[in-house]
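Going line by line, the protein sequences match chains U and D.
With the working numbering, the residue at position 30 of the first sequence is 39, and numbering never jumps.
With the working numbering, the residue at position 223 of the second sequence is 230, and numbering never jumps.
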Amino acid sequence: MKTILELKNIYVFYYDNLILEDINLKVYENDFIGIIGPNGGGKTTLLKTILGILKPASGRIYLCEGLNKQNCFGYVPQTSNIDFLYPISVLDVVKTGRLNKNKIFKTYDKNDIDIAFDSLKKMDLLKYQNILFGNLSGGEKQRVLIARALTTNPKILLLDEPTSNVDSKVGYHFYELLSQLNKDITIIMVSHDIGAISQNVKKIACLNRKLVYHDSKEITKEMLEKVYHCPVDLIAHGIPHRVFPEHKEVE
Amino acid sequence: MFEIFQYDFMLNALLACLLASIAFGIIGTYVVVKRIVFISGGIAHSTYGGIGLGYLVGFSPLFGAIGFGILSALFIALLRKFKLHSEDMLIGIMWSLGMALGILFISFTPGYAPNLMSYLFGNILTISFEEIITISILDIIIFIIVIVFYEQFLAITFDEEFAETLGLPVGKLYTLLLVLIALTIVILIKLVGIILVIAMLTIPPSIAVRFSNKLSKMMFLSVMLGIFFTLIGLLISYYFNLVSGATIIVISIIFYLISLLFNKRKLKLNINIEENL
Ligand SMILES: Nc1ncnc2c1ncn2[C@@H]1O[C@H](COP(=O)(O)OP(=O)(O)O)[C@@H](O)[C@H]1O
Ligand SMILES: [Mg+2]
């Protein structure tokens, strides 16, 4: 398996607060990693650090050869960060993914528009192309932001709490879409929703300032307790997939 | 009622309204969608330092305002760059420092004490032809830059962090936008004065946003509303002998309140969605 991204000894501060401590993470091609952790645990900070929006105080981020941070990431931020009053159509949101630093005096050409439509189609959004972004439901907005990220032709897709505004029925289709994308794209997804994430990803990590990661799909009680600092009841929602290892009740 | 057009000062005032509306409709749109009203207020008030310096040293106060406006725009861009914890507070300090410097400079100015009021509250009837030329040049600069960087400004005002991941020079574009805001504020000072600049920059776009599905449409509507408000305000202030700047603002706010009754955006869009499905 080819390593596509590696984080080594990453420390990130906000002012004097240590937010991420000694993060080490190896991501292989076509991984689908779910990172769970409590609110304020540093999940968003980790994604922004990987993207280069935040600079780590120390540590290094390695990308596989031929990639640089501007051509390999597709960032899907939390929809709640975006002003729903902004007058912009779905198509125009998706198009912005085609801008880059080489195109500073140019606007979009035909190729860009074709790619934007392609992404809309992939996310099943063609019928919404002229709708105002702000008028869509949470799940639809999320798909628009994924479509926008796809226009950059990313190798790694980074999703921040993609299911926080999506109801569970829609969520199911949503994960089918992601699995589809995962055939060619490595996915890293963060969420505070253990149930949602655990059924659908290939590997799970837990983050609360420190990252606990076992390169497998199983969350152990020990991992969760390390991260949440308190005993956690393990409730596996996923019937088809087993998330938690079989363990004997010790109580 | 059209006898007022025989006066040169009135023609100048009308021309100034038209020209200024172009700038503040376009730039105000960015201020509203990016929610940088406080920052714009800081830039506006700091220009008073430049106006005072102009009087003291003996150059055009308008150029002083442009200088101070651009300096404070660069200062704010710098604060942003280093992501300082105290950004808000520092902008507040810059805001007051500009005002304080302006008052001091003017108090040092020997002899004739210039009319403070006309810069604080505007006096569109005293606008000179040279000032109209300056406004036109600023208009052209703003217009060209916005056309060239329309998509880039849209990207950074819609989602700055995503724009950064694309490798766009977000910091530089943001600085440029702040400089454009400074230039627009200078244009508006003559019209409504430093104190009321923020109202003119934000009211037309705040109405327009609810009737727009595109940023460019919002700009166009804001410009039209700006022209409408300033002309109505100007006529009313002339016939009833009221202060022009304040009249324009009150008129704008009345229309803003009326516009709240029409939430056109939701209505229209629901219909659209149904058609599409
Ligand atoms: N811009 C910021 N300035 C200061 N502190 C921040 C900022 N953003 C996040 N933090 C702090 O960093 C910590 C981690 O935040 P975040 O990464 O957003 O957590 P999560 O996404 O896991 O909820 C929180 O304690 C939060 O208060
Ligand atoms: Mg978060």
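Where is the CB? At the ideal position from N, CA and C, for every residue including glycine.
What residues match up with residue i in a beta bridge as DSSP calls it?
i	result
ALA214 (chain U)	U:ILE44 and U:TYR222
THR195 (chain U)	U:ILE165
ARG87 (chain D)	Paired residues: none, contrary to the question.
ILE32 (chain U)	U:ILE19
ILE9 (chain U)	No answer is possible for residue 9 (chain U): it lies beyond the span of chain U, which begins at 10 and ends at 260.
LEU27 (chain U)	U:PHE22
TYR37 (chain U)	U:THR12
SER200 (chain U)	U:ILE45
Measure from the alpha carbon of residue i to the alpha carbon of each residue in the options, then state which is nearest.
i	options	result
ILE140 (chain U)	U:PHE22, U:VAL102 and U:ASP121	U:VAL102
PHE235 (chain D)	D:LYS221, D:TYR263, D:PHE160 and D:LEU249	D:TYR263
ILE256 (chain D)	D:PHE218, D:ILE73 and D:PRO211	D:PRO211
VAL204 (chain D)	D:ILE214, D:SER213, D:ALA215 and D:ILE192	D:ILE192
LYS131 (chain U)	U:TYR137, U:ALA156 and U:LYS104	U:ALA156
GLY61 (chain D)	D:ILE239, D:ILE46, D:PRO117 and D:ASP166	D:PRO117
LEU132 (chain D)	D:ILE144, D:LEU18, D:ILE265 and D:SER213	D:LEU18
PHE93 (chain U)	D:ALA206, D:ASP166 and D:PHE112	D:ASP166
ILE77 (chain D)	D:GLY109, D:ALA215 and D:SER47	D:SER47
ASP25 (chain U)	D:ARG87, D:ALA72, D:SER67 and D:LEU91	D:LEU91
ILE261 (chain D)	D:ASN248, D:THR237, D:TYR246 and D:PHE247	D:THR237
THR54 (chain U)	U:CYS73, U:ILE19 and U:LEU14	U:ILE19
LYS112 (chain U)	D:ALA72, D:PHE82 and D:ALA170	D:ALA170
PHE82 (chain D)	D:ILE98, D:LEU69, D:LYS221 and D:VAL44	D:ILE98
LYS192 (chain U)	U:TYR222, U:GLU149, U:GLU38 and U:LYS11	U:GLU38
ILE42 (chain U)	U:LYS110, U:ILE196 and U:GLY61	U:ILE196
ALA27 (chain D)	D:SER67, D:MET207, D:PHE115 and D:PHE45	D:MET207
SER114 (chain D)	D:LEU232, D:VAL44, D:TYR245 and D:VAL64	D:VAL64
PHE134 (chain U)	U:LYS119, U:LEU154 and U:TYR23	Just to set this straight, residue 134 (chain U) is Leu in the shown sequence, not Phe. Nearest of U:LYS119, U:LEU154 and U:TYR23 to LEU134 (chain U), Cα basis: U:LEU154.
LEU14 (chain U)	U:ASN48, U:LEU60, U:ASP31 and U:ILE45	U:LEU60
GLY178 (chain D)	D:PHE89, D:TYR246 and D:ILE154	D:PHE89
VAL221 (chain U)	U:LEU145, U:TYR23, U:LYS11 and U:LYS35	U:LYS35
TYR95 (chain U)	U:THR12, U:ASN144 and U:HIS182	U:ASN144
GLY174 (chain D)	U:LYS211, U:VAL199 and U:GLN79	U:GLN79
VAL199 (chain U)	U:ASN90, U:LEU190, U:LYS211 and U:LEU168	U:LEU168
LEU183 (chain D)	D:VAL216, D:ILE148 and D:THR172	D:ILE148
ALA34 (chain D)	D:SER223, D:MET124 and D:MET101	According to the sequence as given, residue 34 (chain D) is Ile; it is not Ala. Selected option, being the one with the closest Cα: D:SER223.
LEU25 (chain D)	D:GLY240, D:VAL38, D:ASN220 and D:ASP95	D:GLY240
ILE100 (chain D)	D:PHE247, D:PHE45 and D:LYS221	D:PHE45
LEU166 (chain U)	U:GLY49, U:SER207 and U:LEU56	U:LEU56
GLY49 (chain D)	D:PHE247, D:ALA107, D:ILE258 and D:PHE156	D:ALA107
Near residue i, what residues of its chain come up, given a Cβ to Cβ distance below 8 Å and the 5 sequence neighbours on each side ignored?
i	result
GLY51 (chain U)	VAL21, ILE28, LEU29, LEU216, ASN217 and ARG218
LYS17 (chain U)	ASN33, GLY68, ARG69, ILE70 and TYR71
SER98 (chain U)	GLN138, ASN139, ILE140, LEU141 and PHE142
Skipping 5 residues on each side, what residues in its chain have a beta carbon closer than 7 Å to that of residue i?
i	result
ILE201 (chain D)	ALA51, HIS52, THR54, TYR55, TYR126 and LEU127
PRO163 (chain U)	CYS81, PHE82, GLY83 and ILE194
ALA23 (chain D)	ILE131, ILE134, ILE139, ILE142, LYS197 and LEU198
ARG107 (chain U)	TYR117, ASP121, ILE124, ALA125 and THR160
So, for residue i: in the same chain, excluding its five sequence neighbours on each side, which residues have a beta-carbon less than 6 Å away from its beta-carbon?
i	result
ASN209 (chain U)	TYR184
LEU145 (chain D)	LEU190 and ILE194
HIS256 (chain U)	The pLDDT assigned to HIS256 (chain U) is 43, lower than 50, so where the model puts this residue is not dependable, and the model offers no usable value.
VAL40 (chain D)	THR164
THR36 (chain D)	PRO212, MET225, MET226 and SER229
ALA162 (chain D)	ALA170
ILE73 (chain D)	VAL193
THR58 (chain U)	VAL21 and PRO65
GLY57 (chain D)	GLY71, ALA72, GLY74 and PHE75
SER128 (chain U)	VAL103, ALA156, LEU159 and THR160
MET10 (chain U)	TYR37
Return yes when at least one heavy atom of ligand 3 lies under 7 Å from the C-beta of residue i, else no.
i	result
GLU170 (chain U)	Within the structure as shown, ligand 3 is missing, the only ligands being ligand 1 and ligand 2.
> Which residues, in order along the stretch 89 to 109 of chain U, keep a beta-carbon less than 9 Å from a beta-carbon of chain B?
Replying inline: Any reference to chain B falls outside this structure, whose protein chains are U and D.
> Where the beta carbon is closer than 6 Å to any heavy atom of ligand 1, which residues qualify, in chain order?
Replying inline: U:TYR23, U:ILE28, U:GLY46, U:ASN48, U:GLY49, U:GLY50, U:GLY51, U:LYS52, U:THR53 and U:THR54
> Mind pulling the alpha helix (DSSP H) runs of 4 or more residues that sit fully within the stretch 95 to 156 of chain D?
Replying inline: 123 to 128 and 136 to 155
> What are the complete alpha helix (DSSP H) segments, minimum 4 residues, inside the stretch 125 to 170 of chain U?
Replying inline: 147 to 159
> In the stretch 82 to 117 of chain U, which residue ranges form an unbroken alpha helix (DSSP H) of at least 4 residues, counting only runs that do not cross its ends?
Replying inline: 99 to 104
> Curious, which full-length alpha helix (DSSP H) runs of at least 4 residues does the stretch 232 to 266 of chain D contain?
Replying inline: 251 to 266
> Considering only residues of the stretch 14 to 84 of chain D, which uninterrupted alpha helix (DSSP H) runs meet the minimum length of 4 residues and lie entirely inside it, listed in chain order?
Replying inline: 15 to 40 and 44 to 64
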